[in-house]
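Student: Could you have a look at this structure, given as structure tokens, before my questions?
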Amino acid sequence: MMKQQGMRLLGLLAGCCFGLQAQSPELTAHYPDSYTVRQGDTLWDISARFLTSPWLWPKLWQANPRLANPHLIYPGDVLTLIRVDGQPRLVRVEQGGTGVARLSPRVRAEPAVATIPLASILNFTDSHRMLAPSVLRQAPYILGDQQGRVAMMKGDDVYVRGRLHPGESYAVYRLQEKLTDRTTDTVLGQKAILVGTVLARQQMDQQLSRVALSSLKQEVRQGDKVLPLASDGALAAFYYPRPGPAFDDAYVVAMGRDGSMAGRHGVVFINKGHEQGVRAGDLYAVLKPGPGVYGYGTAARNELIYADSASRYLRNSGPAQALPSRAIARLVVFSVQERISTALILDSEDLVRTHYRLGDVRDAGYRP
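So this is what it looks like as structure tokens:
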């Protein structure tokens, strides 16, 4: 399943670069004159070393109208910065020479550099899923087996409440944390983890199916949800990254995996989805809130103290002065549900935590 998803992603990424903004690329304050591509680099990483807006990476590679696809850049290639009609462009230096070469097709054993870290996304989507309330209400679920066991193992015949198509394989997910909006208390979605797969054998009646447990990551239990193996649309959404629509109340709801923080290439959930106009490929900055500061007022020396170390007396004497928030990371949305979206942290200079607000990605122009 993961291999099929990867092939689908690469095919979509190959044609995702149309419809570029008219914006011109602007170089960072400390851009290098050349760069040697390393294993694990992405086009985003490389472009972020040169551009304040890495999502304009296609323009960085267009040294001439016939220049080949930037996916043909490989680890070990030396890229050098030149100017074409006053605009910055990257070209590949010929090995053993000083000239530059067109980025033309070559037979290489290692994979070409990808646009964004697909492996991080696939590692997550291969075993995790966000389920919208509408999906949960109608999803089939595991009833049990003829032996009356609560947990079932590989090879067992199991009954499912719901309609399935005989001969087709399905994924079995176990529900985890339910995510709600902190302001409206609306249920945004529910996290789920893959526990196994089943093969539908027989539709017993309108709402009862018999399946065989074909593979397991852990034991399957009563109540686990049964969903199609095919992508729910999340992986079909790798369109060209661009700044997302602005929101005053967008924030990080939860981490993709356990815990309350994540770094570069970590997965997070945000509290906006289809209903708010979010699309796959939307980019956002993550804002770390500034600390609060309390003043002693008329006390001696009129000292200031940060909120996390202020005494109860100072905390109760009035509101803290909040210092400005700071952009610490950039993320890209790769899966969109009704009211919630899943995003990948592309780069960061500090850990992203739950409840951090989202801002305009154009305000996060730092080099990772």
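Taken in order, the sequence shown gives residues -22 to -1, 1 to 346; the numbers are from mature numbering (1 follows the signal peptide of the UniProt record, and there is no 0).
Glycine included, each C-beta is placed from N, C-alpha and C at the ideal position.
The model shown is predicted, which means the values in this text are computed figures rather than measured ones.
1. Thinking LEU114 and GLN168 are a contact (beta carbons under 8 Å), I'd like their distance in whole angstroms, please.
2. Curious, which full-length alpha helix (DSSP H) runs of at least 4 residues does the region 104 to 170 contain?
3. Where does VAL311 land, buried or exposed, given buried means 16+ other C-beta within 10 angstroms?
4. Where LEU309 and ALA263 are concerned, what is the direct C-alpha to C-alpha distance, given to the nearest angstrom?
5. Please work out which residues of its chain come closer than 8 Å, Cβ to Cβ, to GLN180, disregarding the five sequence neighbours upstream and downstream, and give them in chain order.
6. Hey, would you say PRO223 sits closer than 9 Å to GLY255, going by beta carbons?
7. Which first and last residues belong to the alpha helix (DSSP H) in which PHE28 is found?
8. Leaving aside the five residues before and after GLN154 along the sequence, list all residues of the same chain whose C-beta is less than 8 Å from its C-beta, in chain order.
9. Give me the Cα-Cα distance between LEU96 and VAL230, rounded to the nearest whole angstrom.
10. By how many angstroms is the C-alpha of ALA149 removed from the C-alpha of GLY251?
11. Could you tell me which residues DSSP pairs with ILE323 in its beta bridges?
12. Should GLY54 be counted as a contact of the ligand GDP given a C-beta to heavy atom distance under 8 Å?
13. Is the separation between the beta-carbon of ALA240 and that of LEU329 shorter than 9 Å?
14. Taking the straight line between their C-alpha atoms, what separation do you get for ALA342 and MET131?
15. Between which two residues does the beta strand (DSSP E) containing LYS266 stretch?
16. So who's on the other strand from TYR9, going by DSSP bridges?
17. Mind reading off the beta-carbon distance from LEU57 to LEU68? Whole number of angstroms is fine, and I expect it under 8 Å.
18. Measure the C-alpha to C-alpha separation of HIS106 and SER313 and round it to an integer number of angstroms.
19. Using the rule of at least 16 other Cβ atoms within 10 Å of the residue's Cβ for burial, across every protein chain shown, is SER31 buried or exposed?
Tutor: Reading from the atomic positions:
1. 6 Å
2. 111 to 116
3. buried
4. 6 Å
5. PRO144, SER187 and ARG188
6. yes
7. 21 to 28
8. GLN168, LYS169, ALA170 and ILE171
9. 21 Å
10. 24 Å
11. LEU309
12. The ligand GDP is absent from the structure shown, which contains no ligands of any kind.
13. yes
14. 49 Å
15. 260 to 266
16. Partner(s): none; TYR9 has no beta bridge.
17. 5 Å
18. 12 Å
19. buried
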